[in-house]
Amino acid sequence: MVSGSTLHRASQQGWTQRALNLAFCAGGIIVCYGAFSFFQEKITIKTYGEKNEKFIYMQALVFFQCICNLLLATIVKNNGTKTAIIRDNVPSFMYSICSISYFLAMLFSNMALEWVNYPTQILGKSCKPIPIMLFGVFFAHKRYPLRKYFYVLLIVIGMAIFLYKPGKQVKHFDFGAGELLLCASLAMDGVTGAVQDRIRHYYTTDKWAMMFSMNAFSSAFLSIMLVVSGELIAFFNFLVAYPGALREILLFSVSGAIGQCFIFKTVTDFGPLTCSIVTTLRKV
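All letters in the sequence shown, in the order written, are residues 1 to 284 by UniProt numbering.
The following block contains the structure:
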């Protein structure tokens with residue numbers, strides 16, 4: 001017969017391991033996405049050459065990022081256990097929906113930088129836990145205790161107060177294209193979180209299989225968009241004219257790919273809401 005003290009110790013050990021796992025994931029996200037944000041800001045804000053050209057090829061940037069994510073997911077999945085392939089029974093349409101919302105969230109967020117500054121983008125994206133929670137409730141049938149709604153609201157309000165730096169010359173707020181794109185990005189984050197919740201609840205998968213499938217679908221969709229829009233050729237010509245940009249894009253994509261390993265580990269182990277809270281707090 002198992003004593004109560006033994007069960008209590010086992011429970012404490014399980015809680016400690018879970019806390020250490022979350023701390024490990026959070027640390028990886030903070031470090032990797034800190035570098036990711038640095039290079040993202042550098043790419044989108046700086047000017048290149050004597051003509052002071054700006055980088056405007058956001059579809060190509062997200063495509064490049066998804067390809068790096070896909071390559072890393074392939075390496076990790078193939079060098080790990082083969083259980084990911086056997087266990088993954090998620091329908092393709094679920095991954096396709098999730099991947100579309102996933103890359104659109106990134107694309108809209110990057111496109112917003114053409115109209116708003118980087119701190120404004122960070123401030124807007126700090127609200128990410130709210131749509132993930134709401135979409136999870138309405139579309140993934142998630143149920144959260146009332147205190148969790150309160151905690152998330154406190155975190156978002158606290159982040160907004162901390163990040164908000166009102167300009168002395170700004171007398172009023174205009175809701176324009178940049179803000180609309182940020183709202184669209186947040187909505188896509190909500191869709192991604194809801195679909196991931198449904199995948200975790202109704203299907204069996206592995207973090208590397210999920211990362212691989214989502215980036216494979218995203219890369220396929222984005223490649224079509226790049227060819228149809230003609231942005232691929234313009235992006236290639238830009239890199240030929242300014243080869244230094246390729247180094248920054250590579251560093252941006254590699255740091256994002258490593259960070260995404262921690263993202264998917266957090267999503268599969270703790271859920272999209274916890275992951276969104278970690279990514280929100282790392283913006284500090």
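Don't be surprised by glycine CBs; every beta carbon is placed ideally from N, CA and C.
query                                                                                                                                                                                       : result
Rounded to the nearest angstrom, what separates P184 and A112 at their Cα positions?                                                                                                        : Checking the displayed sequence, the identity of residue 184 turns out to be Ala instead of Pro. Using only the alpha carbons, I get a separation of about 10 Å.
Three Cβ pairs or more, each shorter than 8 Å: is that satisfied between the region 266 to 281 and the region 49 to 56?                                                                     : no
Assign W15 to one of two classes, buried (16 or more other C-beta atoms within 10 Å of its C-beta) or exposed (fewer than that).                                                            : exposed
Quick check on the DSSP output: what are the complete alpha helix (DSSP H) runs of length 4 or more inside the region 80 to 139, in order along the chain?                                  : 83 to 87, 92 to 112, 118 to 125, 129 to 139
Please go through the same chain and pick out, in chain order, the residues whose beta-carbon is closer than 7 Å to the beta-carbon of L217, but skip the five residues on each side of it. : For the record, residue 217 in the displayed sequence is Phe; it is not Leu. These residues qualify, in order along the chain: Y95, S96, S99.
Closest to A177 by CA distance: which of F108, F63, F24 is it?                                                                                                                              : F108
For L242, which three-state DSSP category applies?                                                                                                                                          : Position check: residue 242 holds Tyr in this sequence, whereas Leu was assumed. Reduced to three states, the DSSP call for Y242 is coil.
Could you have a look at W15 and say whether DSSP puts it in helix, strand or coil?                                                                                                         : helix
Using a 10 Å radius around the Cβ and a threshold of 16 neighbouring Cβ atoms, would you call A60 buried or exposed?                                                                        : buried
Whose C-alpha, out of D189, L226, M211, is nearest the C-alpha of G259?                                                                                                                     : M211
Along the chain, where does the alpha helix (DSSP H) containing I277 start, and where does it finish?                                                                                       : 272 to 281
DSSP beta-bridge partners for T266?                                                                                                                                                         : In DSSP, T266 forms no bridge with anything.
Could you say which of A241, D88, R198, E179 lies nearest to M133 if we only look at CA atoms?                                                                                              : R198
Smallest Cα separation from V195: which of L250, S253, E179, L273?                                                                                                                          : L273
Hey, how far is the Cα of K125 from the Cα of C68?                                                                                                                                          : 23 Å
Give the straight-line distance between the Cα atoms of I157 and Q65, rounded to the nearest whole angstrom.                                                                                : 30 Å
Which one of F264, D206, C25, I45 has the shortest CA to CA distance from V116?                                                                                                             : I45
Can you check which of these residues, F236, L186, L20, is closest to F135 by C-alpha distance?                                                                                             : L186
With H, G and I counted as helix, E and B as strand and the rest as coil, what does DSSP make of E53?                                                                                       : strand
Which residue marks the beginning of the alpha helix (DSSP H) containing D206, and which one marks its end?                                                                                 : It is not in any alpha helix (DSSP H) - D206 carries neither H nor E in the DSSP assignment.
How many angstroms separate the CA atom of L251 from the CA atom of F36?                                                                                                                    : 8 Å
Kindly indicate which three-state DSSP category Y33 falls into: helix, strand or coil?                                                                                                      : helix
What's the gap between the Cα of R282 and the Cα of V76?                                                                                                                                    : 25 Å
Among the residues of its own chain, which have a CB less than 7 Å from the CB of T74, if the five just before and after it don't count?                                                    : F212
Are G34 and Y242 close, meaning C-beta to C-beta below 8 Å?                                                                                                                                 : no
Using CA coordinates, which residue listed in P129, L180, F63 is at the minimum distance from Y151?                                                                                         : P129
Could you compute how far the alpha carbon of V137 sits from the alpha carbon of I122?                                                                                                      : 25 Å
Roughly how many whole angstroms lie between the Cα atoms of I30 and T279?                                                                                                                  : 7 Å
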